[in-house]
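Residue numbers (our numbering): 2 to 109. All remarks here apply to the structure that follows.
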Amino acid sequence: MTPTPKTPDGQETDEVYRVRGQRVWRDGAELSTRRIEALAARLAAVARARREAELRAAYPVGTRVWLRGDPTPRTVTGYTDSPGLPPSLRLSGHTIARPRQVTRNPPT
Numbered sequence: 002m003t004p005t006p007k008t009p010d011g012q013e014t015d016e017v018y019r020v021r022g023q024r025v026w027r028d029g030a031e032l033s034t035r036r037i038e039a040l041a042a043r044l045a046a047v048a049r050a051r052r053e054a055e056l057r058a059a060y061p062v063g064t065r066v067w068l069r070g071d072p073t074p075r076t077v078t079g080y081t082d083s084p085g086l087p088p089s090l091r092l093s094g095h096t097i098a099r100p101r102q103v104t105r106n107p108p109t
């Protein structure tokens, strides 16, 4: 992975990429396959961090939730951070669930 470019005073600089089809350019030069893979890994890490932050904001620890179709309330006790799997909620009762599998309202 390439380091993030910095200005002389240590501030990060913006990186602008141009993508067309299966080709990617930065500063007028086409990126190698290895650099494209490194860029993809960086973007995936940024997207994962954002999803985790959104999950933490939507379901703080201590929030009561219900698994869809289950009348038993659960409490959010934490979050999973398994590489390769989407961020999920760790619930009481040793349960792990994705956000779309829970609701804040009890089933009727």
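By construction, the Cβ of each residue, glycine as well, lies at the ideal position given by its N, Cα and C atoms.
Beta strand (DSSP E) segment containing residue i, residue limits
i: Thr-96; result: 96–98
i: Tyr-18; result: 18–21
Buried or exposed (CB count within 10 angstroms, at least 16 for buried), residue i
i: Pro-88; result: buried
i: Leu-44; result: exposed
i: Val-17; result: exposed
Residue i in three-state terms, based on DSSP
i: Leu-40; result: helix
i: Leu-86; result: coil
i: Arg-105; result: coil
i: Arg-75; result: strand
i: Val-47; result: helix
Proximity test, residue i beta-carbon vs the ligand PLP heavy atom, cut-off 7 Å
i: Arg-35; result: Summarising the ligand content, the structure contains no ligands, and the ligand PLP is consequently not present.
C-beta atoms of residue i and residue j nearer than 8 Å
i: Pro-107; j: Pro-72; result: yes
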